[in-house]
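Chains as they are written, first to last, in the UniProt record's numbering: chain G, 1 to 149; chain S, 1 to 149. Even for Gly, the Cβ is constructed at its ideal location relative to N, Cα and C. Here the structure is laid out as structure tokens; the discussion comes afterwards.
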DNA sequence: GTACATTATTTGTATATACAAGTATATGGG
DNA sequence: CCCATATACTTGTATATACAAATAATGTAC
């Protein structure tokens, strides 16, 4: 469905404004797909992002700063995100002995299993996101890179 | 900058996952550009969206449901958004006399002037968003429409 | 015209976010 | 070694969001 029809706007002043509205609208649409998916699995999108980052560095621990820099959403408060994940038993935190300002975060066995459970359900989610061909997905991704400069 | 470098991820499992990460990351980047712009003008992105919708329907009033349906961000709580805009003196609300469940929202003179002030500042904002050519902007927009199905 | 469903908006509440200020540790110059 | 500055994380707070339940007016079947 065209963005004009989605938000009932006859036309846009120019194509860049149309793109801006479309990006914001599409992000909202995306979140409507993603949030219930992760909620059913007992995670938020950001919590899953942190777990995936930790798995990517296994068996090394990852400190808060590195987590922040690798997150898709840069505005997450890592301290409070990790608090939630500790509550759920998916990660551990320890003060780094070589630099006591830093916190070492590690994935636990249950955290790893939760990630695997998410993986098993991914096909269900991605079925909704395959309206573009592989070539189109590559094209959009490259143009988004270009948009950000 | 490529999304791989932005979030320090060597590679993605497939191009659709790369696109997903890129869309979410780009939206965050966009918000980092938009939020301070609107904040300087004393508005939020959603408040501005509502004002623009009201201007589009002038001189007719718009009810909450229609505002909701035309908003880029569908999850906004229109009641509380309008409360804020009334506080600022940019809109009025009246009970619709033909259907007393509905609320008629109208732009005020100060609301219109605020919109004009935003318009005057738009070129400053859009300068950051012109890394794509017009053709590329059209292309991405059309592919986003296709992505949503 | 009364009961029941539907529509339109409001409110409550738990959680999340943005942003600024605070604390603790480390580093480097004199 | 001492002090200023930088780094890494934490906390406070005001505002925003998601989501469910509540209210209130209207429409509809009988």
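Cα-Cα separation between residue 43 of chain G and residue 107 of chain G, rounded to whole angstroms | Sequence index remark: in the first chain, residue 43 of chain G carries index 43 (1-based). Sequence index remark: in the first chain, residue 107 of chain G carries index 107 (1-based). Rounded to whole angstroms, the gap between the alpha carbons of residue 43 of chain G and residue 107 of chain G is 15 Å.
For the alpha helix (DSSP H) containing residue 86 of chain G, list its first residue and its last residue.
-> Counting from one through the first chain, the residue named residue 86 of chain G turns up at place 86. In the DSSP assignment, residue 86 of chain G falls within the unbroken alpha helix (DSSP H) covering 78-87.
Of all the options S:21, S:17, S:30, which has the alpha carbon lying nearest to the alpha carbon of residue 126 of chain S?
-> Numbered from its first residue, the second chain carries residue 126 of chain S at position 126. The shortest Cα separation from residue 126 of chain S among S:21, S:17, S:30 belongs to S:30.
Can you tell which of S:94, S:80, S:72 has its C-alpha closest to the C-alpha of residue 63 of chain S?
-> The count along the second chain starts at 1 and reaches residue 63 of chain S at position 63. The shortest C-alpha to C-alpha distance from residue 63 of chain S to any of S:94, S:80, S:72 is the one to S:94.
Within this structure, are the beta carbons of residue 52 of chain G and residue 18 of chain S separated by less than 9 Å?
-> Here residue 52 of chain G is taken as the residue at index 52 of the first chain, counted from 1. Here residue 18 of chain S is taken as the residue at index 18 of the second chain, counted from 1. Contact: no.
What span of residues does the alpha helix (DSSP H) with residue 129 of chain G cover, start to end?
-> Within the first chain, numbered from 1, the residue matching residue 129 of chain G stands at position 129. Counting along the chain, residue 129 of chain G falls outside any alpha helix (DSSP H), and DSSP gives it neither H nor E.
If we cut at 9 Å on Cβ distances, does residue 7 of chain G have a partner in chain S?
-> The residue labelled residue 7 of chain G in the question sits at position 7 within the first chain. So, interface residue.
Go ahead and pull the three-state DSSP assignment for residue 93 of chain G.
-> In the first chain, the residue the question calls residue 93 of chain G occupies position 93. Three-state DSSP puts residue 93 of chain G in a strand.
Taking the alpha-carbon positions, what's the residue 60 of chain G to residue 142 of chain G distance?
-> Along the first chain, read from residue 1 onward, the residue named residue 60 of chain G stands at position 60. Along the first chain, read from residue 1 onward, the residue named residue 142 of chain G stands at position 142. So the alpha carbons of these two residues sit roughly 31 Å apart.
Rounded C-alpha distance that separates residue 5 of chain G from residue 101 of chain G | For the purposes of this step, residue 5 of chain G is identified with residue 5 of the first chain, where counting begins at 1. For the purposes of this step, residue 101 of chain G is identified with residue 101 of the first chain, where counting begins at 1. Approximately 52 Å between the Cα atoms of the pair.
Give a yes or no on whether the C-beta atoms belonging to residue 84 of chain S and residue 110 of chain S are separated by under 9 Å.
-> In the second chain, residue 84 of chain S corresponds to position 84, counting from 1. In the second chain, residue 110 of chain S corresponds to position 110, counting from 1. Contact: no.
Per-residue burial, residue 13 of chain G [other beta carbons within 10 Å of its own, 16 or more giving buried] | For the purposes of this step, residue 13 of chain G is taken as the residue at position 13 of the first chain. Residue 13 of chain G is exposed by the Cβ-count criterion.
Residue 55 of chain G - containing alpha helix (DSSP H), residue span = Against the first chain, residue 55 of chain G aligns to sequence position 55. Per DSSP, residue 55 of chain G belongs to the alpha helix (DSSP H) from 45-57.
Mapping DSSP to helix, strand and coil, what is residue 72 of chain G?
-> On the first chain, residue 72 of chain G is found 72 positions in, with the first residue counted as 1. In the structure shown, residue 72 of chain G sits in coil (DSSP, three-state: anything other than H, G, I, E or B).
Out of S:77, S:37, S:23, state which residue places its alpha-carbon closest to the alpha-carbon of residue 124 of chain S.
-> For the purposes of this step, residue 124 of chain S is taken as the residue at position 124 of the second chain. Just measuring C-alpha positions, the residue of S:77, S:37, S:23 sitting nearest residue 124 of chain S is S:37.
Anticipated Cβ contact below 8 Å, residue 26 of chain S with residue 24 of chain G, distance rounded | The residue given as residue 26 of chain S occupies position 26 in the second chain. The residue given as residue 24 of chain G occupies position 24 in the first chain. Not quite, the Cβ-Cβ distance comes to about 10 Å (not below 8 Å), so this is no contact.
C-alpha gap between residue 45 of chain S and residue 72 of chain G, whole angstroms | Here residue 45 of chain S refers to the residue found at position 45 of the second chain. Here residue 72 of chain G refers to the residue found at position 72 of the first chain. Cα to Cα, the separation comes out at about 21 Å.
Which same chain residues, not among the five before or five after residue 33 of chain G, have their C-beta less than 8 Å away from its C-beta?
-> Stepping through the first chain from its first residue, residue 33 of chain G is reached at position 33. Hits under 8 Å: 125, 128, 129.
Take the Cβ of residue 114 of chain S as the centre, count every other Cβ of all protein chains shown within 10 Å, and call the residue buried at 16 or more, exposed below.
-> Stepping through the second chain from its first residue, residue 114 of chain S is reached at position 114. By the beta-carbon neighbour count (other beta carbons within 10 angstroms, threshold 16), residue 114 of chain S is buried.
Where residue 67 of chain S falls: helix, strand or coil (DSSP) = For the purposes of this step, residue 67 of chain S is taken as the residue at position 67 of the second chain. Three-state DSSP puts residue 67 of chain S in a helix.
Can you round the beta-carbon distance between residue 140 of chain G and residue 147 of chain G to whole angstroms, since I take them to be within the 8 Å contact cut?
-> Mapped onto the first chain, residue 140 of chain G falls at position 140. Mapped onto the first chain, residue 147 of chain G falls at position 147. Residue 140 of chain G to residue 147 of chain G, Cβ: 10 Å. No contact.
Backbone CA spacing between residue 118 of chain G and residue 40 of chain G [nearest angstrom] = The sequence position of residue 118 of chain G within the first chain is 118, counting from 1. The sequence position of residue 40 of chain G within the first chain is 40, counting from 1. Straight-line Cα distance between these residues: approximately 10 Å.
Which class does residue 106 of chain G belong to by DSSP, given the choice of helix, strand or coil?
-> The count along the first chain starts at 1 and reaches residue 106 of chain G at position 106. Residue 106 of chain G falls in the strand class under three-state DSSP.
Please report the residue range of the alpha helix (DSSP H) in which residue 41 of chain G lies.
-> Counting from 1 along the first chain, the entry for residue 41 of chain G is found at position 41. Note, residue 41 of chain G: premise wrong, no alpha helix (DSSP H); not H, not E.
Residue burial classification, residue 47 of chain S (beta-carbon count within 10 angstroms, cutoff 16) = For this step, residue 47 of chain S is matched to residue 47 along the second chain. By the neighbour-count rule (16 or more Cβ atoms within 10 Å), residue 47 of chain S is buried.
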